[in-house]
Ligand SMILES: NC(=O)c1ccc[n+]([C@@H]2O[C@H](COP(=O)([O-])OP(=O)(O)OC[C@H]3O[C@@H](n4cnc5c(N)ncnc54)[C@H](O)[C@@H]3O)[C@@H](O)[C@H]2O)c1
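Numbering (our numbering), first residue to last: 3 to 245.
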């Protein structure tokens with residue numbers, strides 16, 4: 003049986019990814035913050051801001067089922083606001099979880115993925131493909147994830163490990179609700195409407211369901227995607243296709 007390790011597994015997208023792999027017959031190892039609890043899979047809590055905990059978590063994850071076939075880095079933090087008001091702590095937390103942890107989770111998993119001919123799937127963002135006005139820290143972290151994906155794919159290709167990213171637009175998850183709550187002022191609906199107004203669908207614009215993104219992640223982990231590595235697949239209704 004193939005085994006996937008999912009970070010951010012208690013989150014909106016992470017949970018959907020765990021459910022998709024479980025439905026496909028894979029064993030799922032789920033990790034998230036110690037104060038969270040993933041609903042699906044074997045549970046290993048870890049704070050991804052601590053590289054020692056990352057290494058311990060990945061080592062533990064590989065012992066549960068004795069192999070590792072895919073790592074999905076779905077943990078993430080959002081922040082936005084004027085760049086002359088950003089704190090160092092905000093930068094460290096957002097870049098730490100989104101980018102630094104993506105690197106060190108992958109790094110720790112490499113030998114295990116090499117053993118199975120496995121793959122890594124990063125959750126980047128449309129903000130990894132283009133800059134999001136007012137979200138420079140988040141955009142920097144996701145741009146880093148997208149280019150990390152390319153560089154790792156090239157480095158690991160000779161070792162038989164594929165590395166890809168998906169770049170979704172807004173997904174209906176607790177993160178999006180948190181964005182509206184923390185940054186949307188008094189009217190979350192106005193915040194959502196402003197986000198939707200950027201999509202080319204006009205009146206038909208909508209946000210993604212977590213399952214729609216999980217389906218693409220699932221495909222990228224399959225042997226049928228053997229030719230896909232170093233890719234950043236947009237799942238954004240054309241948001242980043244141009245103006
Ligand atoms: N929701 C969106 O609109 C959207 C759009 C594009 C990309 N993304 C990306 O998708 C991924 C999943 O986001 P989501 O929407 O499910 O958000 P979410 O907030 O529901 O889930 C994120 C998870 O990351 C975990 N996490 C945060 N800090 C952590 C830490 N220090 N250690 C361990 N775990 C930690 C949280 O506990 C949470 O469960 C993220 O990388 C996010 O940036 C989200």
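Idealized CB from N, CA, C, for every residue including glycine.
Indicate the three-state DSSP secondary structure (helix, strand or coil) for residue i in the structure shown.
{"i": "residue 15", "result": "helix"}
{"i": "residue 156", "result": "helix"}
{"i": "residue 128", "result": "helix"}
{"i": "residue 167", "result": "strand"}
{"i": "residue 9", "result": "strand"}
{"i": "residue 218", "result": "helix"}
{"i": "residue 100", "result": "helix"}
{"i": "residue 210", "result": "strand"}
{"i": "residue 173", "result": "strand"}
{"i": "residue 237", "result": "strand"}
{"i": "residue 121", "result": "strand"}
{"i": "residue 187", "result": "coil"}
{"i": "residue 140", "result": "helix"}
{"i": "residue 181", "result": "helix"}
Thinking residue i and residue j are a contact (beta carbons under 8 Å), I'd like their distance in whole angstroms, please.
{"i": "residue 167", "j": "residue 124", "result": "4 Å"}
{"i": "residue 3", "j": "residue 29", "result": "5 Å"}
{"i": "residue 16", "j": "residue 34", "result": "7 Å"}
{"i": "residue 126", "j": "residue 147", "result": "5 Å"}
{"i": "residue 116", "j": "residue 162", "result": "6 Å"}
{"i": "residue 97", "j": "residue 142", "result": "7 Å"}
{"i": "residue 215", "j": "residue 170", "result": "5 Å"}
Using C-beta distances below 7 Å, list every residue in its chain close to residue i, excluding the 5 sequence neighbours before and after it, in chain order.
{"i": "residue 211", "result": "174"}
{"i": "residue 88", "result": "139"}
{"i": "residue 200", "result": "241"}
Please list, in chain order, all residues of the same chain as residue i whose beta carbon is under 6 Å from its beta carbon, the five residues on each side excluded.
{"i": "residue 77", "result": "9, 10, 50 and 99"}
Does the beta-carbon distance from residue i to residue j come in below 9 Å?
{"i": "residue 158", "j": "residue 72", "result": "no"}
{"i": "residue 82", "j": "residue 134", "result": "yes"}
{"i": "residue 114", "j": "residue 74", "result": "no"}
{"i": "residue 18", "j": "residue 213", "result": "yes"}
{"i": "residue 164", "j": "residue 228", "result": "yes"}
{"i": "residue 66", "j": "residue 110", "result": "no"}
{"i": "residue 104", "j": "residue 150", "result": "yes"}
Got a sec? Which residues, its chain only, sit under 8 Å from residue i by beta carbon, not counting five neighbours each side?
{"i": "residue 12", "result": "32, 34, 35, 38, 39, 40 and 41"}
Does any residue of chain D bring its CB to less than 9 Å from the CB of residue i?
{"i": "residue 34", "result": "The structure shown contains no chain D; it is built from a single protein chain."}
* Asked: Fully enclosed by the stretch 24-90, which alpha helix (DSSP H) runs are 4 residues long or longer?
  -> 53-67
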